[in-house]
Every structure is written in C-alpha cells, then in structure tokens.
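Asker: One structure is given below, represented as structure tokens, and several questions about it will come after.
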Amino acid sequence: MPHSRDNLIGSLWMILAMAGFALEDASIKGAAQAMPVAQVLLIFGFGGMAVFGAWAAYRAQPVFTRDVLSKPMRIRAVFEICARLFYVLALTLTPLSSATAIMQATPIVVVLGAAIFFGENVGWRRWSAVVIGLLGVLLILKPTPSSFSPLSIFAVLGMLGFAGRDLASRAAPKSLSTAALGVFGFAAIVFAGGAFTIWDGPNFVAMDLRQCGLMALAVGAGVMGYSALMQAMRTGEVATVTPFRYTRLLFGLGLGVTLFGEQLDGQTLIGCAVVVASGLFLMWRGR
Numbered sequence: 001m002p003h004s005r006d007n008l009i010g011s012l013w014m015i016l017a018m019a020g021f022a023l024e025d026a027s028i029k030g031a032a033q034a035m036p037v038a039q040v041l042l043i044f045g046f047g048g049m050a051v052f053g054a055w056a057a058y059r060a061q062p063v064f065t066r067d068v069l070s071k072p073m074r075i076r077a078v079f080e081i082c083a084r085l086f087y088v089l090a091l092t093l094t095p096l097s098s099a100t101a102i103m104q105a106t107p108i109v110v111v112l113g114a115a116i117f118f119g120e121n122v123g124w125r126r127w128s129a130v131v132i133g134l135l136g137v138l139l140i141l142k143p144t145p146s147s148f149s150p151l152s153i154f155a156v157l158g159m160l161g162f163a164g165r166d167l168a169s170r171a172a173p174k175s176l177s178t179a180a181l182g183v184f185g186f187a188a189i190v191f192a193g194g195a196f197t198i199w200d201g202p203n204f205v206a207m208d209l210r211q212c213g214l215m216a217l218a219v220g221a222g223v224m225g226y227s228a229l230m231q232a233m234r235t236g237e238v239a240t241v242t243p244f245r246y247t248r249l250l251f252g253l254g255l256g257v258t259l260f261g262e263q264l265d266g267q268t269l270i271g272c273a274v275v276v277a278s279g280l281f282l283m284w285r286g287r
C-alpha cells in the first residue's frame with residue numbers, strides 16, 4: 001500500500017496534469033479564434049504524435065503491435081475522435097469556463113457506463129449521486145429558452161466521448177505503453193481534423209508567430225498533462241489521487257475569467273459545486 005508520501009507526490013502529479021490540460025484548452029481556444037477548427041486539430045494531433053513517437057523511440061518501446069487492432073482499441077479510437085472533435089468545437093464556440101465545467105461530469109458518466117457495460121455493482125446511493133450530478137450539468141447548461149445555448153451540446157458530446165474513451169481504456173491491452181497510447185490518442189485527433197476538413201473544406205490560413213506559439217504551447221501542455229496523469233495514477237492510491245482531477249475546474253474557470261473576460265453567474269457556480277460534490281461522493285462510495 002502506498003505511503004502517505006507517495007499519495008502526496010501522486011496528488012501533486014495530478015494537480016500538474018490538470019493544470020496542463022486547462023492550459024491546453026486555453027491555448028486551443030486562443031488559436032481557434034483566428035484559425036479553422038480542422039487546422040487546429042491537425043496541427044495539435046501531428047504535434048502530439050511526434051512527441052509521443054519520439055518518446056517511444058527513445059525508450060525503445062514498440063508502437064505498432066498486434067494489440068493496436070484489438071476491439072477495445074478500435075472502440076477507444078472512435079470515442080477519442082468524437083471527444084476531441086466536439087470538445088474543440090465547444091472550446092471554439094462557447095466560453096472556456098462552461099466547457100470545462102461540463103467536462104467535470106466525465107467521472108459520473110464513467111460510473112454510469114461501468115454499471116451498464118461492465119456490470120459493476122452500483123447501489124442506490126451511487127445511482128442517486130449520478131442523477132444529482134447530471135442535474136448539476138443541467139444547471140450549468142441553463143436549459144431555458146432565454147439563456148440556453150445550443151452550442152453547449154458540443155461540450156456534452158465531447159464529455160460523453162471522453163467518458164467512452166476512459167471506459168474503453170479499461171479494457172485496452174496492458175502490453176501497450178503510455179507512449180503508444182499517446183501516439184494513437186493523438187492520431188485520432190488527426191483523423192478528426194481530416195474528417196472535419198472534408199466537411200468544412202480546406203480553408204487553412206497562414207499562421208503568424210502568436211498562433212504558432214499557441215499551438216506549440218497546446219501540444220506541450222497536452223503532452224505534459226497526459227504524462228503527469230499517467231505518473232499520478234501509478235504513484236499514489238487511486239482513491240486518494242483521483243479527486244484532485246477536479247482542480248481542472250479551478251484552473252479552467254480562472255483562465256476563462258482572466259484571459260477571455262468570461263463572467264460566472266450563480267447558477268453556473270452552483271452547478272459546478274453539485275457536479276464536483278457528486279463526483280467526490282461516487283469516488284468515496286467506490287472506495
């Protein structure tokens with residue numbers, strides 16, 4: 001059983017991972033203000049593939065093995081494509097703070113999926129927490145004619161995609177290394193960018209120094225976040241480390257307010273609190 005020092009280090013790794021993902025989101029949103037979504041996806045995907053491919057080569061870890069074509073990996077790729085495409089659309093078209101808040105429902109949907117698809121035992125208390133957490137998402141979405149933005153559906157679809165990816169990852173072959181999973185995860189982003197190019201047309205634009213810097217920052221932050229997340233899950237106890245995923249909400253809200261001038265109303269903050277509380281309760285009951 002990991003010592004308290006391991007749990008502390010694992011928790012710090014998780015906080016670093018969430019900071020990296022929030023910075024990735026902000027960089028992508030900033031770049032997408034002047035670049036087509038397809039171009040952002042392609043550059044981000046190829047950049048991440050290059051970094052993780054170099055990492056795998058440095059550590060002499062195979063990337064292309066028979067297990068890559070296994071059914072869980074094929075399902076994981078489909079969910080990854082949907083998640084990345086819709087979430088980048090959400091970052092582009094909706095406030096960063098609301099997209100980040102909706103993403104926090106991912107663990108709740110994962111518990112729901114685990115009960116349905118993996119037959120995990122979920123008692124009435126955990127089912128109640130799932131329902132309450134989804135009600136918190138509705139508070140964030142504000143489904144009233146005067147305040148509802150249909151574009152927020154992109155964030156919901158992205159969140160469902162990430163939840164499906166996480167569920168499929170549980171069944172992924174253990175022989176695949178973190179670097180290999182990273183390569184194919186970013187390859188799915190390239191595929192999503194290519195598909196969106198066919199849909200929207202190749203209306204790419206020339207990039208200036210600011211856009212190049214934002215995309216480089218997005219790739220670096222994304223790789224850092226992914227690597228720190230893997231390190232966190234392998235250092236401390238999962239039940240101790242996982243709740244620190246919710247620090248991403250704090251980073252996302254802070255970046256949305258300071259960088260993009262977004263304003264948070266009381267209903268959004270209440271919804272965030274409900275989602276986080278439900279997720280933490282599910283983790284506690286699961287332990």
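In the UniProt record's numbering, the protein residues as written are 1 to 287.
Beta carbons are placed, not taken as given, at the ideal position from N, Cα and C, and that holds for glycine.
Helix, strand or coil for GLU80, going by three-state DSSP, please let me know.
Answerer: In the structure shown, GLU80 sits in a helix (DSSP, three-state: H, G or I).
Asker: If you run the structure through DSSP and keep just helix, strand and coil, what is LEU160?
Answerer: In this structure, LEU160 counts as helix in the three-state DSSP scheme.
Asker: Count the other CB atoms within 10 Å of the CB of ALA206; is the residue buried (16 or more) or exposed (fewer)?
Answerer: Exposed: under 16 other Cβ atoms inside 10 Å.
Asker: Indicate whether THR235 and ILE9 have their beta-carbon atoms separated by less than 7 Å.
Answerer: In this structure, ILE9 lies closer than 7 Å to THR235 by Cβ.
Asker: On the CB-based measure, 16 or more other CB atoms within 10 Å of its CB, does GLY279 come out buried or exposed?
Answerer: GLY279 comes out buried.
Asker: With distances taken from CA atoms, which of LEU135, CYS82, GLY158, THR106 is nearest THR94?
Answerer: Checking every option, the nearest Cα to that of THR94 belongs to GLY158.
Asker: Assign PRO36 to buried or exposed, taking buried as 16 or more other Cβ atoms, counted over all protein chains shown, within 10 Å of its Cβ.
Answerer: Under this definition PRO36 is a buried residue.
Asker: Indicate whether at least one CB of chain B lies closer than 7 Å to the CB of LEU209.
Answerer: This model lacks chain B altogether, as it is built from one protein chain only.
Asker: Have a look at GLY261, ARG248, MET233 and flag the residue whose alpha-carbon is nearest the alpha-carbon of VAL241.
Answerer: The shortest Cα separation from VAL241 among GLY261, ARG248, MET233 belongs to MET233.
Asker: Would you call the region 95 to 110 and the region 45 to 57 in contact, with 3 or more CB pairs under 8 Å?
Answerer: The region 95 to 110, when compared against the region 45 to 57, does not touch it at the 8 Å Cβ threshold.
Asker: Any chance you could list the alpha helix (DSSP H) runs of at least 4 consecutive residues sitting entirely within the region 162 to 206, in chain order?
Answerer: Qualifying alpha helix (DSSP H) stretches, in chain order: 178 to 200.
Asker: Please report the straight-line C-alpha distance between ILE75 and LEU12, rounded to a whole angstrom.
Answerer: Cα-Cα distance, rounded: 31 Å.
Asker: Quick check: the Cα distance between LEU141 and GLN33, rounded to an integer number of angstroms?
Answerer: Each residue's Cα considered, the two are about 23 Å apart.
Asker: Give the secondary structure of ALA60 by DSSP, where H, G and I count as helix, E and B as strand, and everything else as coil.
Answerer: Three-state result, ALA60: coil.
Asker: What are the boundary residues of the alpha helix (DSSP H) that ALA232 is part of?
Answerer: Residues 209 to 233.
Asker: Return the chain-ordered list of same chain residues with a C-beta closer than 7 Å to the C-beta of MET1, the five sequence neighbours on each side being excluded.
Answerer: Caution applies to MET1, whose pLDDT of 48 falls short of 50 and renders its modelled position unreliable; the value that the coordinates give is listed next. Cβ neighbours of MET1 beyond the five flanking positions: none.
Asker: Using the Cβ count rule (16 or more neighbours within 10 Å means buried), how would you classify LYS29?
Answerer: Buried.
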